[in-house]
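Asker: Residue numbers (our numbering), protein chains in the order written: chain W, 524 to 1171; chain C, 4 to 201. Note that beta-carbon positions come from the ideal geometry of N, C-alpha and C, so glycine has one too.
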Amino acid sequence: MEFFERFAIPHPSPIIYASMVAIGITLLAIIAGLTFFKKWGYLWREWLTTVDHKRIGIMYLISALLMLFRGGVDALMMRAQLATPEAQLLDSQHYNEIFTTHGVVMIIFMAMAFIIALMNFVVPLQIGARDVAFPRLNALSFWLYFMGAMLFNLSFVIGGSPSSGWTSYFPLAGNEFSPSVGTNYYMIAIQIAGIGTLITGINFIVTILKMRAPGMKLMKMPMFTWSALITNLIITFAFPVLTVALAMGTMDRLFGTQFFTTGNGGMDMLWANLFWVWGHPEVYILVLPAFGIYSEIISTFAKRNLYGYKSMVASMVIISLLSFVVWVHHFFTMGQGAMVNSIFSITTMAIAVPTGIKIFNWLFTLYKGSIRFTVPMMYSLGFLPIFTIGGVTGVMLGMSAADYQYHNTMFLVAHFHLVIIPGVVFAMLAGLTYWWPKMFGFMLNERIGKWAFWFISVGTCVAFFPMFISGLDGQARRMYTYSESTGFGFWNMLSFVGAVALAIGFIIIVYNIYYSTRYASRDIGSDPWDARSLEWATHTPVPEYNFATIPEVDSSEAFWDSKYNGHKLFKGKLKEIHMPNNSGVPFIMSALFFVLGFSFIFSIWIGVIVSLLGICACLMHRSFEKDHGRHISLEEVEKTESELRGGK
Amino acid sequence: MKLDHSQPLEYSSEQGRLNILGFWIFIGAEVMLFGTLFASYFTLEGRHGSGPSGAEIFEIAPVLFETILLLTSSFTVGLAIHAMRLNNKKAMMTFFIITLVLGLAFLSVEIYEFTHYIHEGAGLTVSAFSSALLTTLGTHGLHVTLGLFWGIFILIQVAKRGFTPETANKSFIFSLYWHFLDVVWIFIFSFIYLKGMM
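Below, the structure written as structure tokens:
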């Protein structure tokens, strides 16, 4: 019995018991459904073992949407608790757990997955490639991320969630103040997902550098591909810092090392520094692909080529460099002294310059364009003003002297949500709607989509603008309640109304997916938006080899030129096509990582040893394996091509 | 598979060229990993609490011995790749085996060194300094250990399959990895040991 006691929730509540039941029923339903419809083989062959970048992208997408709802429910519970003074919906411990998991789930398991989903699906198509450089590693990336996400979500029902904030500052996150296994979940689940992300970073850099279509020079790449390249460079250089920080945190908690302790020389500020050396570039890992998406959408729906291509690229490079030298602005109040604070103030404010350049480039692209107000375009147009408000308040926070007033208040919460929601969430919804026809062969309903847009954009403003005021009035973040005499009640009620509007917006999107799946026309051709880049040059649905013949390119908008300026994209003849084989090893190895992580979290050393041996066996298998891929014969390519052409 | 015979064997296939570039980028990530460990070590170097400091526990003899072993192994893995370019399988395998044996010898001395530190009262949990020291050295040692197993796998494949674009590619990438571990060790030797003993 003693063995099982460790898995108990230290601080249970009816919500948690209800979740346990819900998770159990869902799992049973999935298993029963798969068995009843005899879909286990299909699931294994077509999805669990796939190395196709398009399918991996779609799996990332589904996971990201699931995590969006998990994180969204957390957000609603927080807003509901704070809507009225002295509310009793959640106690302080639960509130702590919920703001922690909200942050981690939204940043690491939702936003990261969403941008990687779109990168996976779009980048190889945009550069005219048949897959990524390392398809097997790509599958491993996804499954590691997926297992990390599942492991983290398990904390809710087994052992208790982390409660020391998504930043998990020590000494609060140490054993003394966080004795439950919650913070172990944090350290290890993020570690596993982070390894997957690092592998994605390496994979996409090589893919973009080496596998572009003939004629596509670096300065002729579509802007989303450029943003993906820069983002993956940031990933490759930022994530190892997180790896080390999490490893040290894990060792402090499990093995009694003294990195971040308060005695024996340990230094808690080392964690804060390492965390933000990764954490600030992470912000740009999220927002740069979003900028890339907006660049694609704005130029498509303004019917103009992107204004200032070179300055767009240059500003991204500058942002990526600056992103590594601003981390101290997250803790100006924690005693660095005036000199250090001033230096980091200046670097922080400097980031506003390249970002401003991008904003003006988008505005100039719109200027005199013939604008079509489609759903992706509406998100892009909504992004510009809201993001600018969020960004400018960021410059306010960047002034270290003034930051003493804003630090740790709702003002900060308002700032970063007004940057991340229009910057990242709007971009993902825009990108999802924009690329949806390429992914699934039908379009999302525009009218329902616009309803969702208005709920989400107005909801965002109503939910977060009041926090500027209550924050300046002194409402601290992460406080689970407040008294009536503070006067925060009105502003928080307003925020709650906005949060509900946001939730309604997301429900409308789900309804839209359902509605469009049932009723939308499948006869949309391969280029429904009259777009400009190569992903629209292939058929819909995209054949597994993407392009039957590799396109040849001589400008940054080769597909547009092929439609309107007489450029010939496909000059080569059909040949047999070499493709990689499917493999179950990435899935199995990631499942072993799940067992490894779980065993570490609960200090079950036999599980650690067994799963480590299993992981080594997978690596060994990969080393000795002879896998030359397979060839799709010429006849088969011809057959697929004529079928897809006939389908138009 | 299309092969480009104007290039060395390890570069001859498209996948081989991708693998090599990918590995260089991975080494870039590894530089950040060790960079973070070094930065943490230098931050915590003087914070040894009630435990011993670096100057009190470092010994020059085993460290010098480890340095010679690892530097020599880096040289012999270079000779192995040179032999591979000359298509001399026997010489390649001999130098490869010498490399792995030297790596194993390095590890043995390092294990001795660790027991020595623990004996001197600088165990993993004693102070921030000892935690950072053993973690930094341990991460390098873990890389060498993984490299040993990986090297043995490659050696078996070369013995069985001879020089093919795949085995040549794997051997070449292994040599990059091994040289990189040597570079890390030079930093450890200079900035942890020599600086610590001064």
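(1) Could you tell me the alpha carbon to alpha carbon distance between D996 (chain W) and P877 (chain W), rounded to whole angstroms?
(2) Using 8 Å for Cβ pairs, my map puts M900 (chain W) next to I894 (chain W). What's the rounded Cβ distance?
(3) What does H51 (chain C) touch in chain W if you count any residue whose Cβ is under 9 Å from its own?
(4) Which residues share a DSSP beta bridge with I1100 (chain W)?
(5) Distance, Cα to Cα, F1011 (chain W) vs V627 (chain W)?
(6) Could you check where the alpha helix (DSSP H) with E620 (chain W) kicks off and where it finishes?
(7) Going straight from the alpha carbon of S1044 (chain W) to that of F963 (chain W), what length do you get?
(8) The segment 645-664 of chain W: which residues have C-beta closer than 9 Å to a C-beta of chain C, in chain order?
(9) Who does T932 (chain W) pair with in a DSSP beta bridge?
(10) So which residues on chain C does F1070 (chain W) lean against when the C-beta distance must stay under 7 Å?
(11) Would you say I725 (chain W) lies against chain C (beta-carbon separation less than 8 Å)?
(12) What number of angstroms, rounded off, separates the C-alpha of I28 (chain C) from the C-alpha of H576 (chain W)?
(13) Given this structure, state the Cα-to-Cα distance separating L584 (chain W) from L695 (chain W), to the nearest angstrom.
(14) From I195 (chain C) to L127 (chain C), what does the alpha carbon distance come to, in whole angstroms?
(15) Between the C-alpha atoms of G1170 (chain W) and F976 (chain W), what's the straight-line distance to the nearest angstrom?
(16) Is L127 (chain C) helix, strand or coil when you go by DSSP?
(17) So, for M951 (chain W): in the same chain, excluding its five sequence neighbours on each side, which residues have a beta-carbon less than 6 Å away from its beta-carbon?
(18) Taking 7 Å as the cut-off, is the beta-carbon of G626 (chain W) closer than that to any non-hydrogen atom of the ligand FMN?
(19) Between I1031 (chain W) and F978 (chain W), which are expected to be in contact by the criterion C-beta below 8 Å, what is the C-beta distance as a whole number of angstroms?
(20) What residue range does the alpha helix (DSSP H) around K961 (chain W) cover?
(21) Answer yes or no: does any C-beta atom of chain W fall closer than 8 Å to that of Q160 (chain C)?
(22) Going by CA-CA distance only, name the one from W:F675, W:L732, W:S686 and W:T748 that's closest to I715 (chain W).
(23) In three-state DSSP terms, what is L967 (chain W)?
(24) Apply the 10 Å Cβ neighbour rule to K173 (chain C) and answer buried if 16 or more other Cβ atoms are within range, or exposed otherwise.
(25) Are the beta-carbon atoms belonging to F987 (chain W) and L941 (chain W) less than 8 Å from one another?
(26) Residues of the segment 602-614 of chain W in Cβ contact with chain C at a cutoff of 8 Å, in chain order, please.
(27) I want to see whether chain C comes within less than 8 Å of V764 (chain W), judged by CB atoms only; does it?
(28) What are the boundary residues of the alpha helix (DSSP H) that L1057 (chain W) is part of?
(29) Is DSSP giving L829 (chain W) helix, strand or coil here?
(30) Is there a Cβ from chain W that is less than 8 Å from the Cβ of T128 (chain C)?
(31) Check whether the segment 597-608 of chain W touches the segment 1009-1025 of chain W, taking contact to mean three or more Cβ pairs, one atom from each stretch, closer than 8 Å.
(32) Measure from the C-beta of A32 (chain C) to each C-beta in chain W and report whether the shortest distance is under 8 Å.
(33) Would you say T932 (chain W) and A999 (chain W) are within 8 Å of each other, going by their C-beta atoms?
(34) For V680 (chain W), which residues of its own chain have a beta-carbon under 8 Å away from its beta-carbon, when the five flanking residues on both sides are left out?
(35) To be precise: take each residue of the segment 706-732 of chain W, compare its Cβ to all Cβ atoms of chain C, and keep it if any distance is under 8 Å. Which residues remain?
(36) What separation, rounded to the nearest whole angstrom, lies between the Cα atoms of Y14 (chain C) and G564 (chain W)?
Answerer: Straight from the coordinates:
(1) 32 Å
(2) 7 Å
(3) N787 and G788
(4) W:I1155
(5) 27 Å
(6) S615 to V627
(7) 12 Å
(8) A656, F657 and L660
(9) W:A999
(10) In chain order: nothing, as chain C lies at least about 16 Å away.
(11) yes
(12) 21 Å
(13) 34 Å
(14) 16 Å
(15) Because the pLDDT at G1170 (chain W) is just 46, under 50, the model does not fix this residue reliably, and the value given afterwards should be weighed accordingly. When rounded, the distance between both Cα atoms is 32 Å.
(16) coil
(17) F637
(18) This structure does not include the ligand FMN; it has no bound ligands of any sort.
(19) 6 Å
(20) F949 to F963
(21) yes
(22) W:F675
(23) coil
(24) buried
(25) yes
(26) none
(27) yes
(28) Counting along the chain, L1057 (chain W) falls outside any alpha helix (DSSP H), and DSSP gives it neither H nor E.
(29) coil
(30) yes
(31) yes
(32) yes
(33) yes
(34) I532, I539, S542, M543 and I546
(35) L721, G724, I725, N726, I728, V729 and L732
(36) 39 Å
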